[in-house]
Amino acid sequence: MGKALDGVRILDFTHVQSGPTCTQLLAWFGADVIKVERPGTGDITRGQLQDVKGADSLYFTMLNHNKRSITIDSKNPKGKEVLEALIKTCDVLVENFAPGALDRMGLTWDHIQSLNPRMIVASIKGFGPGKYADCKVYENVAQCAGGAASTTGFRDGLPLVTGAQIGDSGTGLHLALGIVTALFQRETTGRGQRVDAAMQDGVLNLCRVKLRDQQRLAHGPLTEYSQFGEGIPFGDAVPRAGNDSGGGQPGRILKCKGWETDPNAYIYFITQAPVWEKICDVIGEPEWKAHPDFAKPAARLPRLNQIFERIEQWTMTKTKFEAMDILNEYDIPCGPILSMKEIAEEESLRATGTVVEVDHPVRGKYLSVGNPIKLSDSPTEVKRSPLLGEHTQEVLRDVLGFSDARVQEIEASGALGAPPQRIAAE
Numbered sequence: 026m027g028k029a030l031d032g033v034r035i036l037d038f039t040h041v042q043s044g045p046t047c048t049q050l051l052a053w054f055g056a057d058v059i060k061v062e063r064p065g066t067g068d069i070t071r072g073q074l075q076d077v078k079g080a081d082s083l084y085f086t087m088l089n090h091n092k093r094s095i096t097i098d099s100k101n102p103k104g105k106e107v108l109e110a111l112i113k114t115c116d117v118l119v120e121n122f123a124p125g126a127l128d129r130m131g132l133t134w135d136h137i138q139s140l141n142p143r144m145i146v147a148s149i150k151g152f153g154p155g156k157y158a159d160c161k162v163y164e165n166v167a168q169c170a171g172g173a174a175s176t177t178g179f180r181d182g183l184p185l186v187t188g189a190q191i192g193d194s195g196t197g198l199h200l201a202l203g204i205v206t207a208l209f210q211r212e213t214t215g216r217g218q219r220v221d222a223a224m225q226d227g228v229l230n231l232c233r234v235k236l237r238d239q240q241r242l243a244h245g246p247l248t249e250y251s252q253f254g255e256g257i258p259f260g261d262a263v264p265r266a267g268n269d270s271g272g273g274q275p276g277r278i279l280k281c282k283g284w285e286t287d288p289n290a291y292i293y294f295i296t297q298a299p300v301w302e303k304i305c306d307v308i309g310e311p312e313w314k315a316h317p318d319f320a321k322p323a324a325r326l327p328r329l330n331q332i333f334e335r336i337e338q339w340t341m342t343k344t345k346f347e348a349m350d351i352l353n354e355y356d357i358p359c360g361p362i363l364s365m366k367e368i369a370e371e372e373s374l375r376a377t378g379t380v381v382e383v384d385h386p387v388r389g390k391y392l393s394v395g396n397p398i399k400l401s402d403s404p405t406e407v408k409r410s411p412l413l414g415e416h417t418q419e420v421l422r423d424v425l426g427f428s429d430a431r432v433q434e435i436e437a438s439g440a441l442g443a444p445p446q447r448i449a450a451e
């Protein structure tokens, strides 16, 4: 069975997280991703946060599955020849260098188009065009500039960044969609194009409900926010709302049995209007179904603290999984707060390929996230990340068709750095 992106070849100039997230997703769908790395060092994350001495870090391995690695010194004339040959034979070039870096390498848009007019050049930058365009951006900077931090946390506390990498990985996912869209359009036009994704833009796209609420503020208070029920006036910007739901159905994180010693013994509980009467029965407050203070959604909004305090009295008598089982019988929306340990051990995630075990020749077996997007006719196989320069000669011979003599000439020039890592047959 073929894969969705079989026949598509990606020239991967990315590093760290945002770009590698994008190219890994394309590789999972079958694209041949050739990762270009600096001789001797490679992607900086190979050596960051190492937990196994002498082995590529999990930071690197979990973002570079299914790729091939070639080492090239782009400043070496022979190295430049190899890069230009790859541009001629690839479909997409992906980069997340600092602004202007690709141009300084001599790989301007016009030059790339002269080499391959069908080439799609996809870039991730921190900001789009404007006064901050040249600023360097990392994950937490993007969360702050994109509106996530100002709307995350509790009202009387500092802005907070989220544990989800919405700036880096989130923008990488956006760029992947842009690339496949450009590939689709190229089938009609025959031309390549530039695809740009700014991290600020990607974060804002994921925070759109807060931009919605900013506009709602002009017409009155945000009634589903806790501070409305507490009688605290709203300012001129969307406030931090703790664990309130981002939708019209009020929700909170509530303690469950064992919360005193387990930092994740909690459940998210949504008081969805259509199941309100079932909620009343479950928590032992049947009279609330007809009581004027609780019967209608509008009447409940000023009393959300009281309501959730009563619901929490019930959830504290159950483990989060016991509460889940009971609430699901009545279609009451809820979800357990799962720790990373629990997620790593969850068999259903292993069965769907969302969590996978990968065997690496140096570090051994490790867990990683698999492809979160499932296609019925395009199976995903998660292969280990490449060792630094592992596929250099393979790419030169099989992809570019270079003769042994030419490969030896390039090697002798120093353009490829030291000989690539060798491993025993797997």
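Residue numbers (this note's numbering): 26 to 451.
The beta carbon of each residue, even a glycine, is placed where N, CA and C say it ideally should be.
Nothing here was measured: the structure is a model prediction, and the numbers come from that model.
Where Ser94 sits in the DSSP three-state scheme: It is a strand residue.
Test item: CB-CB of Gly272 and Pro327 under 7 Å: When the beta-carbon positions are compared, Gly272 and Pro327 stay at least 7 Å from each other.
Ala449 - DSSP class collapsed to helix/strand/coil: Annotation note: pLDDT 47 at Ala449 (below 50); position unreliable, no value reported.
Within 7 Å, strictly: CB atoms of Gly153 and Leu229: Between Gly153 and Leu229, the gap from beta carbon to beta carbon reaches 7 Å or more.
Contact the region 312-326 vs the region 374-388: 3+ CB pairs below 8 Å: Not touching, per the Cβ criterion.
Limits of the unbroken alpha helix (DSSP H) element including Lys303: Note, Lys303: alpha helix (DSSP H), Trp301 to Ile308.
Three-state secondary structure assigned by DSSP to Asp181: Collapsing the DSSP output to three states places Asp181 in coil.
Cβ pair Leu279, Glu370 closer than 7 Å: No, these two residues do not count as a Cβ contact at 7 Å.
Distance, Gly65 Cα to Asp98 Cα: In this model, Asp98 and Gly65 are separated by some 10 Å (Cα to Cα).
Backbone CA spacing between Ile435 and Leu421 [nearest angstrom]: Whole-angstrom Cα-Cα distance: 10 Å.
Minimum length 4: unbroken alpha helix (DSSP H) runs contained in the region 29-60: Taken in chain order, the whole alpha helix (DSSP H) runs of length 4 or more contained in the region 29-60 are 43-53.
Residue span of the alpha helix (DSSP H) that contains Leu111, given as start and end: In this chain, the alpha helix (DSSP H) harbouring Leu111 covers Pro102 to Thr114.
Beta-carbon proximity of Pro358 to Ile308, cut-off 7 Å: Ile308 is positioned such that its CB atom lies no closer than 7 Å to that of Pro358.
Ser403 beta carbon less than 7 Å from that of Lys92: For Lys92 and Ser403, no; Cβs fall outside 7 Å.
Contacts around Arg143, its chain only, beta-carbon distance under 8 Å, and the 5 residues preceding and following it disregarded: Around Arg143: Asp116, Arg211, Gly215, Arg216 and Gly217.
Secondary structure of Phe294, DSSP reduced to three states: Strand at Phe294.
Any alpha helix (DSSP H) of 4 or more consecutive residues that is wholly inside the region 346-405: Those alpha helix (DSSP H) runs which fall completely within the region 346-405 and span 4+ residues are 365-370 and 372-377.
Which listed residue (Leu108, Lys103, Gln252 and Tyr250) has its alpha carbon closest to that of Ile59: Check the Cα spacing between Ile59 and each of Leu108, Lys103, Gln252 and Tyr250: the tightest is with Leu108.
Contact under 7 Å by Cβ, Met224 with Gly151: Their beta carbons are under 7 Å apart, which means Met224 touches Gly151 by this criterion.
Secondary structure of Ala123, DSSP reduced to three states: It is coil, neither helix nor strand.
Residue nearest to Pro102 in terms of C-alpha spacing, selected from His90, Met130 and Ser94: Per the Cα distances, Met130.
Same chain only: Cβ atoms within 8 Å of Ala126, ignoring 5 sequence neighbours per side: Same-chain partners within the cutoff: Glu120.
Exposed unless 16 or more other CB atoms sit within 10 angstroms - verdict on Lys78: Result: exposed.
Local conformation of Lys235 per DSSP, three classes: Helix, per DSSP.
C-alpha gap between Gly32 and Val407, whole angstroms: Using only the alpha carbons, I get a separation of about 18 Å.
Cut-off 6 Å between Cβ atoms - residues of its own chain near Gly442, not counting five sequence neighbours on either side: Pro64, Gly65 and Thr96.
Residues near Ala449 by beta carbon distance below 6 Å, same chain, minus five either side: Since pLDDT at Ala449 reaches only 47, below the 50 mark, its modelled position is unreliable, and no value is offered.
Of the residues Glu302, Asp128 and Pro246, the one placed nearest Leu352, counting alpha carbons only: Considering only alpha carbons, the answer is Glu302.
DSSP-derived helix/strand/coil call for Ala170: Annotated three-state conformation of Ala170 is helix, per DSSP.
Residue interval of the beta strand (DSSP E) (run including Leu279): Counting along the chain, Leu279 sits inside the beta strand (DSSP E) bounded by residues Gly276 to Lys280.
Alpha carbon of Gly67 to alpha carbon of Ala430, nearest angstrom: Rounded to the nearest whole angstrom, the CA to CA distance from Gly67 to Ala430 is 26 Å.
Helix, strand or coil at Ser82 [DSSP, three-state]: It is coil, neither helix nor strand.
Proximity below 7 Å, CB of Ile292 to CB of Thr344: Between Ile292 and Thr344, the C-beta gap is not smaller than 7 Å, which leaves the two residues out of contact.
Contact test: Leu183 Cβ vs the ligand ZN heavy atom, cutoff 6 Å: This structure lacks the ligand ZN; in fact it carries no ligand of any kind.
Residue interval of the beta strand (DSSP E) (run including Ile149): Counting along the chain, the beta strand (DSSP E) containing Ile149 begins and ends at Ile145 to Lys150.
Straight-line Cα distance separating Val387 from Glu451: Here Glu451 scores only 45 on pLDDT, less than 50, and its place in the model should not be relied on; the value that follows carries that caveat. Approximately 11 Å between the Cα atoms of the pair.
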